[in-house]
Amino acid sequence: MNIHIIGGGNLGVAIALGLANYTTGNQLTITRRNTAQIAHLAANGITVSGNNIENIANADMVLLTIKPYQVDTVLNEILPHISNKIIASAVSGVSLETLHQKTKGAHPIVRIMPNIAAQFAESATCISFSEQNKVAGAQVVALFNQLGTAVVIEEKLMDAATVLGACGTAYALRYIRASMQAGIEIGFDAPTALAIASQTVKGAAKMALDEKIHPEQLIDRVTTPQGCTIVGLNEMEHQGFSSALIRGIKTSLQKIKE
Ligand SMILES: NC(=O)c1ccc[n+]([C@@H]2O[C@H](COP(=O)([O-])OP(=O)(O)OC[C@H]3O[C@@H](n4cnc5c(N)ncnc54)[C@H](OP(=O)(O)O)[C@@H]3O)[C@@H](O)[C@H]2O)c1
2 MNIHIIGGGN
12 LGVAIALGLA
22 NYTTGNQLTI
32 TRRNTAQIAH
42 LAANGITVSG
52 NNIENIANAD
62 MVLLTIKPYQ
72 VDTVLNEILP
82 HISNKIIASA
92 VSGVSLETLH
102 QKTKGAHPIV
112 RIMPNIAAQF
122 AESATCISFS
132 EQNKVAGAQV
142 VALFNQLGTA
152 VVIEEKLMDA
162 ATVLGACGTA
172 YALRYIRASM
182 QAGIEIGFDA
192 PTALAIASQT
202 VKGAAKMALD
212 EKIHPEQLID
222 RVTTPQGCTI
232 VGLNEMEHQG
242 FSSALIRGIK
252 TSLQKIKE
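For our numbering, add 1 to where a residue sits in the sequence shown, where the first one is 1.
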């Protein structure tokens, strides 16, 4: 496919690199106004451009990875130059209905909520589309399944998906940072603490994904009665560990809905 990514920021670049490094047969273009910061992507075979409409007529799919307030400007610019393209939007908070209206129903619209681990083909991508766009939706799902996992969700859960899947990357990294800080206090140098904390999270996540059982059942395998793991875990809970995470996720969701 010929894929045109508009918005070469954090997410756009992650998707472009993921597609370049983990998929085959796709032609990729990525645009932003200040191209100097992404010029290096050319080394990955990605066309970098400061012009949103150059070659867009040849695209099969247009990916929008811009901020919500940039949508009108970008659509006004590109719509006169495209017809019947799949438009996949990662823009948070802009609904399918709004996008259909803004594009005058002339393009199949799909909403995507990936995360920046798309760069390493490890994104948890949530995807929504209307019944009438299910063919385009299936193409987008197939594409993002190559960049991790792609799950089709009801659009009303898109904000929740943004928080759990996209913001979730930051929550998980904060956990790793805190473990690393503790690791240094108990004797490791920073690189070693980071390596141990990160790999441990990766291992726990792989077990949860592969075994598909409740995390508490996996925790049971690690917690010896009266052992050091359970006392540490319980102390974390006394300090509000799970509660802090749940409250943080709900606060993020409230903010997104404002
Ligand atoms: N970051 C994430 O983890 C993540 C995850 C899921 C969804 N999202 C959503 O994805 C969108 C982008 O997020 P982000 O974090 O990647 O933001 P970002 O880093 O600010 O990227 C947005 C990019 O859009 C470019 N841009 C602005 N106006 C443009 C225009 N007229 N034409 C072409 N490019 C233009 C900007 O570059 P110039 O100023 O140089 O043009 C910038 O690089 C947001 O709606 C966000 O909610 C982000």
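Cβ atoms here follow ideal geometry from the backbone N, Cα and C, with glycine treated the same way.
Since this is a predicted model, take the numbers as computed values, not measurements.
Residue i - DSSP class collapsed to helix/strand/coil
{"i": "S253", "result": "helix"}
{"i": "I4", "result": "strand"}
{"i": "L148", "result": "coil"}
{"i": "V95", "result": "coil"}
{"i": "I47", "result": "coil"}
{"i": "A122", "result": "coil"}
{"i": "R33", "result": "coil"}
{"i": "A196", "result": "helix"}
{"i": "V1", "result": "Beyond the ends of the chain as shown, which are 2 and 259, falls residue 1; an answer cannot be given."}
{"i": "F189", "result": "coil"}
{"i": "Q240", "result": "coil"}
{"i": "A60", "result": "coil"}
Distance cut-off 7 Å: residue i Cβ against heavy atoms of ligand 1
{"i": "G8", "result": "yes"}
{"i": "N56", "result": "no"}
{"i": "T32", "result": "yes"}
{"i": "V92", "result": "yes"}
{"i": "A162", "result": "no"}
{"i": "V232", "result": "no"}
{"i": "M159", "result": "no"}
{"i": "P115", "result": "yes"}
{"i": "N53", "result": "yes"}
{"i": "P69", "result": "yes"}
{"i": "T150", "result": "no"}
{"i": "N3", "result": "no"}
{"i": "N35", "result": "yes"}
{"i": "N134", "result": "no"}
{"i": "A167", "result": "yes"}
When the options are compared against residue i, the one with the closest alpha-carbon
{"i": "M2", "options": "V14, A15, G10, T24", "result": "T24"}
{"i": "Y172", "options": "F242, I113, V72", "result": "F242"}
{"i": "A167", "options": "N235, L234, I113", "result": "I113"}
{"i": "A137", "options": "V111, V152, H82", "result": "V111"}
{"i": "T36", "options": "T48, G26, I4", "result": "T48"}
{"i": "S69", "options": "K103, L42, G169, A139", "result": "Residue 69 is actually Pro in this sequence, not Ser. Of the listed residues, the one whose Cα sits closest to P69 is K103."}
Integer Cβ distance of residue i from residue j, believed to fall under 8 Å
{"i": "G10", "j": "R33", "result": "7 Å"}
{"i": "V92", "j": "V72", "result": "6 Å"}
{"i": "V14", "j": "I39", "result": "6 Å"}
{"i": "L234", "j": "T224", "result": "7 Å"}
{"i": "I57", "j": "H5", "result": "5 Å"}
{"i": "F189", "j": "I197", "result": "7 Å"}
Check: residue i C-beta below 7 Å from any heavy atom of ligand 3
{"i": "G19", "result": "Here the bound small molecules are ligand 1; ligand 3 is not part of this structure."}
Inter-stretch contact at 8 Å, needing at least 3 Cβ pairs: the stretch 104–122 / the stretch 146–153: Between the stretch 104–122 and the stretch 146–153 there are three or more inter-stretch CB-CB distances shorter than 8 Å, so the stretches are counted as touching.
Cβ pair count under 8 Å reaching 3, the stretch 155–162 against the stretch 126–134: A contact exists between the stretch 155–162 and the stretch 126–134.
Given 8 Å, three or more beta-carbon pairs between the stretch 78–89 and the stretch 102–111: Proximity of the stretch 78–89 to the stretch 102–111 meets the contact definition, three or more beta-carbon pairs being nearer than 8 Å.
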